[in-house]
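Have a look at the structure below, then the notes.
Residue numbers (the working numbering): 299 to 553.
Listed below in structure tokens is the structure:
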């Protein structure tokens, strides 16, 4: 495990707690158990009871209260376990100015965005807020606990918004995939309908050609029938004229 990165929150120098290869820490007395060297890093109690009992919190030692509000950092390096507690030293006006300068410098160094969502800016401002809670808690434990509640409420709200955002993104992705699948199905259906349309157009063209051929044959047949009928009428007229002439000649001879 690598050491934790530098933070705007002020910490005391790290303390060696234990070694994996030794039973006790260097510098401890011969009869002193290894756990005694970790006295500077007590396990932080639950912060919930502290918030509900500000009077009891104020009665605690400042370091214990700070450890409960801002837990110590722990890490292992070269098989050695280190603990670093939050500093209990009070801050002056110059320290606050220096904190502001550090915040601005790190925002520039890490190229944090000035607007919109930015995890870097959120991290640095969170460290700055923790440092302000530390400074306030040293001067007034009740005010520090109130700031802690404000910080936790903000973090809870941000976590809720983040969960909502992630669920919204997941919902949007599902809807996008469904829309993409629906689009693929619709494109396939459109291709099938276009193919069906082309087949129907081909059948219509064939039927039109067949209909035109039938109409042409019918016109030709009608013309032939009309011509034949006209010839028959003409023939009958001629026969009528001849018969009429013969009848008139017969009548004339009988007179």
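We put the CB at the ideal spot given by N, CA and C, even for glycine.
So, residue i versus residue j, is the Cβ gap smaller than 8 Å?
| i | j | result |
| --- | --- | --- |
| residue 368 | residue 441 | no |
| residue 422 | residue 410 | yes |
| residue 381 | residue 372 | yes |
| residue 436 | residue 360 | yes |
| residue 314 | residue 398 | no |
| residue 405 | residue 419 | yes |
| residue 427 | residue 449 | yes |
To the nearest angstrom, how far is the alpha carbon of residue i from that of residue j?
| i | j | result |
| --- | --- | --- |
| residue 452 | residue 306 | 19 Å |
| residue 579 | residue 434 | Outside the displayed span of the chain (299 to 553) sits residue 579, for which this structure offers no information. |
| residue 518 | residue 505 | 20 Å |
| residue 387 | residue 308 | 9 Å |
| residue 533 | residue 540 | 11 Å |
| residue 524 | residue 502 | 32 Å |
| residue 425 | residue 400 | 11 Å |
| residue 500 | residue 521 | 31 Å |
| residue 496 | residue 489 | 11 Å |
| residue 527 | residue 514 | 20 Å |
| residue 473 | residue 493 | 30 Å |
| residue 366 | residue 471 | 41 Å |
| residue 458 | residue 447 | 16 Å |
| residue 464 | residue 455 | 14 Å |
| residue 509 | residue 545 | 52 Å |
| residue 537 | residue 531 | 10 Å |
| residue 370 | residue 303 | 14 Å |
| residue 486 | residue 498 | 18 Å |
| residue 529 | residue 535 | 10 Å |
Helix, strand or coil for residue i per DSSP?
| i | result |
| --- | --- |
| residue 406 | helix |
| residue 377 | coil |
| residue 313 | strand |
| residue 371 | strand |
| residue 382 | strand |
| residue 393 | helix |
| residue 451 | helix |
Please list, in chain order, all residues of the same chain as residue i whose beta carbon is under 7 Å from its beta carbon, the five residues on each side excluded.
| i | result |
| --- | --- |
| residue 429 | 306, 307, 308, 397 |
With 8 Å set as the bound, which would you pick, yes or no: does the beta-carbon of residue i sit closer than that to a beta-carbon of chain D?
| i | result |
| --- | --- |
| residue 487 | As a matter of chain content, chain D is missing from the structure shown, which is built from one protein chain. |
Uninterrupted beta strand (DSSP E) stretches inside the stretch 484-550 (no shorter than 3 residues): Listed in chain order, there is nothing to give.
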